[in-house]
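Visitor: Sharing a structure here in structure tokens format.
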Amino acid sequence: MDTVTITMKNPPALYLEADNVSPDAFAGKTAAQIAELHVHEGNTTSPLGKYFDVSGSAGATAAETKIIVKGDVKKVKYLGFKMSAGEMVIEGNTDLYVGAWMTGGKLLAKGNVEAFAGTAMKGGELTIEGNAGNYLGAAYRGDWRGMSGGRILVKGNAGSDIGMYMTGGEMVINGNVDVHLCTHAEGGKVIVKGNARSKVGGQMVEGTIYIFGTIETMMPGFKPNGEIELEVDGVKARFAHFIGDMGERHKKKKGQVVYANLYKKI
Amino acid sequence: MSEYIIKNGHVYDPVQGIKGDKADVAIKAGKIVDKVGSGAKVIDAKGKTVMAGAVEIHAHIAGPKVNLGRIYRPEDKLFSCTPTKGMERMGGGASIPTTFKTGYEYAKMGYTTAMEAAMPPMFSRHVHEEIRDTPIIDEGAFPVFGNNWFVMEYLKNHEVENTAAYIAWLLRVTKGYAVKVVNPGGTEAWAWGLNCLSVNDPVPYFDITPAEIVKGLIEANEYLGLPHSMHIHPNNLGNPGCYETTLDTLKLAEGFKAKNKFGREQVMHLTHTQFHSYGGTNWGDFESKAKEVTDYVNKNKNITIDTGNVTLDETTTMTADGPFEHHLTGLNHLKWANVDVELETAAGVVPYIYSPNISVCAIQWAIGLEIPLMMKDPMRCYITTDHPNAGPFTRYPRVIKWLMSKKARDTQINAFKHKDKVLSQTAIGTMDKEISLYELAQMTRAGPAKSLGLAGMCGGLKPGMDADVAVYDFNPEKPVANPDDIEKAFSRCAAVFKSGVQVVQNGEIVSTGHKRTLWVNAKVRDNPQVVRDINEKFLKYYSMTQANYEALGHHFVPNPYALEVDATNV
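Going down the list, the protein sequences come from chains A and B. The first sequence lines up with residues 5 to 270 when you count with this note's numbering. The second sequence lines up with residues 145 to 714 when you count with this note's numbering.
Put into structure tokens, the structure is as follows:
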């Protein structure tokens, strides 16, 4: 695997849309060619090299390419956009849409990320060592197709509207989450090691939520369904089981009515 | 205005009966002419196909429900934006493009005239603002009449003359083009939570049936002698077994003869026929009844149809058939928008994905192609996708590929997950017909122009007609190596002229032309009863005054072209 390092030398005054910073876009290119790729600051299109120093060179394919993003990228959006393979490491905090529409590969953000990380993600691994913003693994505005595959790990806290319209894949949040967890979800699995606030699983049709901490306010649409011993993410514990959202439509699979499952650690 | 001569192209013009002969097309002062001076600019069309500008007879491209789709589907614009480029302003949207993108895309495919198929009269101002902002193409809009309180009250007592006077008034104040009917009576019933699924279901409160509405509107249309006929989206759209309702609707035209000065021969235009040609009793035994429907239309010359081809895309359905959209959201669970338009109509919007992996979608695709392949007279069957309902209009080149190449159809059939079901429930696998370029010109130019009453103006290349010309990079003398070449050639024209102005060159927009709004100015005898009824309804029921209703003058319709009709002596 070949490594390309891009280092912010000239931070943008406005927000920078860097949808070309991905192993797929870099693959097969030299440092000079990578520096020629387009980025957008406001309505101005410029070469990547205007903002970043580029060193190293990419592998022949995305799978053979690793990108390290250094320096102050807190005003850069779309890092790892649509990546399908390879690796990417973002050393500092960054802005919206990290790993959005990613389908494969490994993306590690060492700092905090803003909203819409992993939007409509289909595969791969997205790890956020700091905190995640709102709409993590959610659907794009207006869309009904959220995260459908892959894995997201947040070591810190996450914001609101996590997993909105999620249909598959797995998300683990070591810290707390804000309101509206898994709204409209129709699949997938979300594990929150900390606490959740209100509207957990609102209008959820299918999928599973595990909460290790507290739920500030339960949704009235979730119905107690006994207790159960489970091993979740390596932790054996007893959970209270709820099914819902009773106010939503219910699918049937093989004659059985399907509900979303909410497990709260006792 | 410049003179042009398009030299040595293979010309296909059903108006003059030219079937691919090498001929020159001369343009002067916005019109097709016999010859031009030696100073005329020469366009070399050697080895290319030359046709008149294409005419869109049915698409939803302007107005409140289109815009509702744009507003509530930001995801439709997600990866489909085009930045400012040369003459072009920025655009976006795949199934519901912005107004600018709509104009550019039509022009690039060689379309120069398009009809917005459902204008809610109360929102005609909005429709016309969007038409105004859609560059290049001439456009008209069909106000909807099939659920209108005036129409139902008059026709309940068979008051054809009053209905005609009301139609004339409404066409004038809304700058409308034709009489459109959507789910007659059913959309009004929807306001009561009901529907009319057959032509004999009574409309609640109004004590009238869809059959009476349809027949009355045909009579009123012919009383006025409008350029286009009554244009209908029948009851019971999209349900298994709906073809029987379609045949019942078509039979309502029996005995009526066209009466107009525009050369139109039909009294009924059946739109998006594909959605109305379903057999079976449920989605499991769903099957094609394209043969039954086209057999009837083939025999009855007073009917024209358009296809409504499913293009197997993710799209946005939108119709004044309010109850149907509610039914659809119950099937696919995607977001639903619904609007009631006071005394006139309603609308619903639901996104839809025509997936090649779902047998019903694949059968719908097949039915859409069976219809034009089974129609004996291409002058009475026009290609549409009921944009955006069965697919975006930008897919016309792909539909053309499927119609012109059995190989292309077979490739698609083999790619379906439920291929066997498509072959058992439709006749598409047995059909060898490939439509010719001449038939294509009939189905997309001369035919729709004649049906719309525009035969003297567009859809042909006869001297004296508007100089709307499309040149395709498609050599009819060479065998088609790959069907995809057909799609490519019809996607981007080598050159397009609109009213004598070159608007497209090598697939790029080079001018935004002089776009016109087509409308029909029908004169009728003074009718104090109708004037009184209109005043009364505005006072009693409408949420706006008459003064705010009309799509007035320059702001809304900056470049009008009125087709004059005089029914004062009927």
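Even for Gly, the Cβ is constructed at its ideal location relative to N, Cα and C. Since the structure is predicted, the reported quantities are computational estimates derived from the model, not experimental observations.
At a CB distance below 9 Å, what residues from the stretch 164-181 of chain A approach chain C? Give them in sequence order.
Guide: The question asks about chain C, but that chain is absent: this structure's protein chains are A and B.
Visitor: Along the chain, where does the beta strand (DSSP E) that runs through ALA261 (chain B) open and close?
Guide: Taking the second sequence and counting its residues from 1, the one referred to as residue 261 (chain B) is at position 117. First-last of the beta strand (DSSP E) with ALA261 (chain B): 255-263.
Visitor: Taking 7 Å as the CB-CB cut-off, is ASP147 (chain A) touching chain B?
Guide: Taking the first sequence and counting its residues from 1, one reaches residue 147 (chain A) at position 143. With 7 Å as the cut-off, ASP147 (chain A) counts as an interface residue toward chain B.
Visitor: Is there a Cβ from chain A that is less than 7 Å from the Cβ of PRO500 (chain B)?
Guide: The residue you call residue 500 (chain B) lines up with position 356 of the second sequence. No, its Cβ sits nowhere closer than 7 Å to a Cβ of chain A.
Visitor: For VAL80 (chain A) and LYS245 (chain B), what's the separation of their Cα atoms in angstroms?
Guide: As a first step, residue 80 (chain A) is located in the first sequence; it is residue number 76 there, counting from the start. As a first step, residue 245 (chain B) is located in the second sequence; it is residue number 101 there, counting from the start. If you take the alpha carbons of VAL80 (chain A) and LYS245 (chain B), they lie about 30 Å apart.
Visitor: Could you list which residues in chain A have their beta carbon closer than 9 Å to that of ARG217 (chain B), in chain order?
Guide: Residue 217 (chain B) sits at position 73 when you count from the first residue of the second sequence. Near ARG217 (chain B) (Cβ distances below 9 Å), the residues of chain A are GLY146, ASP147.
Visitor: May I ask you to report which of helix, strand or coil DSSP gives ASN692 (chain B)?
Guide: Taking the second sequence and counting its residues from 1, one reaches residue 692 (chain B) at position 548. Three-state result, ASN692 (chain B): helix.
Visitor: Can you tell me whether DSSP reads CYS602 (chain B) as helix, strand or coil?
Guide: Numbered from its first residue, the second sequence carries residue 602 (chain B) at position 458. Coil.
Visitor: At which residues does the beta strand (DSSP E) containing THR246 (chain B) begin and terminate?
Guide: Translated into positions along the second sequence, residue 246 (chain B) becomes position 102. It is not in any beta strand (DSSP E) - THR246 (chain B) instead sits in the alpha helix (DSSP H) that spans 243-252.
Visitor: Run down chain A in chain order and give the residues with a C-beta less than 8 Å from the C-beta of HIS413 (chain B).
Guide: Here residue 413 (chain B) refers to the residue found at position 269 of the second sequence. Under the 8 Å cutoff, chain A gives no residues; its nearest Cβ is about 34 Å from HIS413 (chain B).
Visitor: Could you please give me the residues that DSSP links to GLU219 (chain B) through a beta bridge?
Guide: Within the second sequence, residue 219 (chain B) is the residue found at index 75, counting from 1. DSSP, once it has assigned bridges, lists no residue as partnering GLU219 (chain B).
Visitor: Under 9 Å Cβ-Cβ, which residues of chain A neighbour HIS562 (chain B)?
Guide: The residue given as residue 562 (chain B) occupies position 418 in the second sequence. Neighbours of HIS562 (chain B) on chain A: none; closest Cβ ~20 Å, over 9 Å.
Visitor: Given HIS44 (chain A), which residues of its chain have a CB within under 6 Å of its CB, disregarding the five upstream and five downstream residues?
Guide: Within the first sequence, the letter at position 40 stands for residue 44 (chain A). Excluding residues within five positions, the ones whose Cβ falls inside 6 Å are GLU21.
Visitor: Could you tell me which residues DSSP puts in a beta bridge with ARG149 (chain A)?
Guide: Translated into the one-based positions of the first sequence, residue 149 (chain A) becomes position 145. Answer is none; ARG149 (chain A) lacks a bridge partner.
Visitor: In angstroms with no decimal places, state the Cα-to-Cα distance between PHE120 (chain A) and SER595 (chain B).
Guide: The residue labelled residue 120 (chain A) in the question sits at position 116 within the first sequence. The residue labelled residue 595 (chain B) in the question sits at position 451 within the second sequence. Looking at the two C-alpha atoms, the distance is approximately 51 Å.
Visitor: Of all the options A:ARG145, A:THR212, A:GLU220, A:LYS70, which has the alpha carbon lying nearest to the alpha carbon of ALA264 (chain A)?
Guide: Here the question's residue 264 (chain A) lines up with position 260 in the first sequence. Out of A:ARG145, A:THR212, A:GLU220, A:LYS70, A:THR212 has the C-alpha closest to the C-alpha of ALA264 (chain A).
Visitor: Exposed or buried, what is GLN690 (chain B) when buried is set at 16 or more other beta-carbons lying within 10 Å of its beta-carbon?
Guide: Position 546 of the second sequence, counted from the start, is the residue given in the question as residue 690 (chain B). That one is exposed.
Visitor: Apply the 10 Å Cβ neighbour rule to VAL58 (chain A) and answer buried if 16 or more other Cβ atoms are within range, or exposed otherwise.
Guide: In the first sequence, residue 58 (chain A) corresponds to position 54, counting from 1. Its Cβ being crowded by 16 or more others within 10 Å, VAL58 (chain A) is buried.
Visitor: Counting only beta-carbon atoms, is LEU222 (chain B) nearer than 7 Å to chain A?
Guide: Walking along the second sequence from the start, residue 222 (chain B) turns up at place 78. So, interface residue.
Visitor: Helix, strand or coil for VAL674 (chain B) per DSSP?
Guide: Here residue 674 (chain B) refers to the residue found at position 530 when the second sequence is read from its first residue. VAL674 (chain B): helix per DSSP, three-state reduction.
Visitor: Just the Cα atoms here: how many angstroms apart are LYS126 (chain A) and GLY154 (chain A)?
Guide: Within the first sequence, the letter at position 122 stands for residue 126 (chain A). Within the first sequence, the letter at position 150 stands for residue 154 (chain A). For LYS126 (chain A) and GLY154 (chain A), the distance between alpha carbons rounds to 6 Å.
Visitor: Going by the CB atoms, is the gap between GLY225 (chain A) and GLY191 (chain A) shorter than 7 Å?
Guide: Within the first sequence, the letter at position 187 stands for residue 191 (chain A). Within the first sequence, the letter at position 221 stands for residue 225 (chain A). The answer is no: Cβ separation not under 7 Å.
Visitor: Which chain A residues are close to HIS477 (chain B), counting only those with a beta carbon under 7 Å from its beta carbon?
Guide: Taking the second sequence and counting its residues from 1, the one referred to as residue 477 (chain B) is at position 333. Residues of chain A passing the Cβ test: ARG253.
Visitor: Is the beta carbon of PRO627 (chain B) less than 7 Å from the beta carbon of THR489 (chain B)?
Guide: The sequence position of residue 627 (chain B) within the second sequence is 483, counting from 1. The sequence position of residue 489 (chain B) within the second sequence is 345, counting from 1. Not a contact, by the Cβ cut-off of 7 Å.
Visitor: When you compare each of B:MET548, B:GLY591, B:SER342 to MET575 (chain B) by their alpha carbons, which one comes out closest?
Guide: The residue given as residue 575 (chain B) occupies position 431 in the second sequence. If we check each option's Cα against that of MET575 (chain B), B:MET548 comes out closest.
Visitor: Does the Cβ-Cβ distance between HIS562 (chain B) and SER503 (chain B) come in under 7 Å?
Guide: For the purposes of this step, residue 562 (chain B) is taken as the residue at position 418 of the second sequence. For the purposes of this step, residue 503 (chain B) is taken as the residue at position 359 of the second sequence. The answer is yes: Cβ separation under 7 Å.
Visitor: What residue does the alpha helix (DSSP H) around HIS699 (chain B) start on, and which one ends it?
Guide: Locating residue 699 (chain B) in the second sequence gives position 555, counting from the first residue. Segment 697-700, the alpha helix (DSSP H) holding HIS699 (chain B).
Visitor: Could you say which of B:LEU605, B:LYS445, B:TRP480, B:MET462 lies nearest to ALA174 (chain B) if we only look at CA atoms?
Guide: By one-based count along the second sequence, residue 174 (chain B) stands at place 30. The residue you asked about is not Ala; residue 174 (chain B) is Gly in the sequence shown. Residue B:LEU605 is the option with its Cα nearest to GLY174 (chain B).
Visitor: Indicate whether ILE132 (chain A) and VAL93 (chain A) have their beta-carbon atoms separated by less than 7 Å.
Guide: Counting from 1 along the first sequence, the entry for residue 132 (chain A) is found at position 128. Counting from 1 along the first sequence, the entry for residue 93 (chain A) is found at position 89. No. Outside cutoff.
Visitor: Please return the same chain residues whose Cβ sits closer than 6 Å to the Cβ of ALA585 (chain B), not counting the five positions on each side in sequence.
Guide: Residue mapping note: residue 585 (chain B) aligns to position 441 of the second sequence, counting from 1. TYR156, PRO158, MET195.
Visitor: Taking a contact to mean a Cβ-Cβ separation below 7 Å, would you say MET234 (chain B) touches VAL485 (chain B) in this structure?
Guide: Indexing the second sequence from 1 puts residue 234 (chain B) at position 90. Indexing the second sequence from 1 puts residue 485 (chain B) at position 341. In this structure, VAL485 (chain B) does not lie closer than 7 Å to MET234 (chain B) by Cβ.
Visitor: To the nearest angstrom, how far is it from the Cα of GLU303 (chain B) to the Cα of MET296 (chain B)?
Guide: Sequence index remark: in the second sequence, residue 303 (chain B) carries index 159 (1-based). Sequence index remark: in the second sequence, residue 296 (chain B) carries index 152 (1-based). Distance between the alpha carbons of GLU303 (chain B) and MET296 (chain B): 10 Å.
Visitor: Could you check what DSSP says for ASN306 (chain B) in three-state terms: helix, strand or coil?
Guide: Looking up residue 306 (chain B) in the second sequence gives position 162. Helix.
Visitor: Is the beta carbon of PHE246 (chain A) closer than 7 Å to that of ILE232 (chain A)?
Guide: To locate residue 232 (chain A), count along the first sequence from 1; it is residue 228. To locate residue 246 (chain A), count along the first sequence from 1; it is residue 242. It is not a contact, given that the beta carbons lie outside the stated cut-off.
Visitor: Determine the burial state of MET223 (chain A): buried for a count of at least 16 other Cβ atoms within 10 Å of its Cβ, exposed for fewer.
Guide: The residue given as residue 223 (chain A) occupies position 219 in the first sequence. When all chains shown are included, MET223 (chain A) counts as buried.
Visitor: Counting along the chain, where does the alpha helix (DSSP H) carrying ARG553 (chain B) start and finish?
Guide: To locate residue 553 (chain B), count along the second sequence from 1; it is residue 409. Looking at the DSSP string, the run of the alpha helix (DSSP H) that includes ARG553 (chain B) is 550-559.
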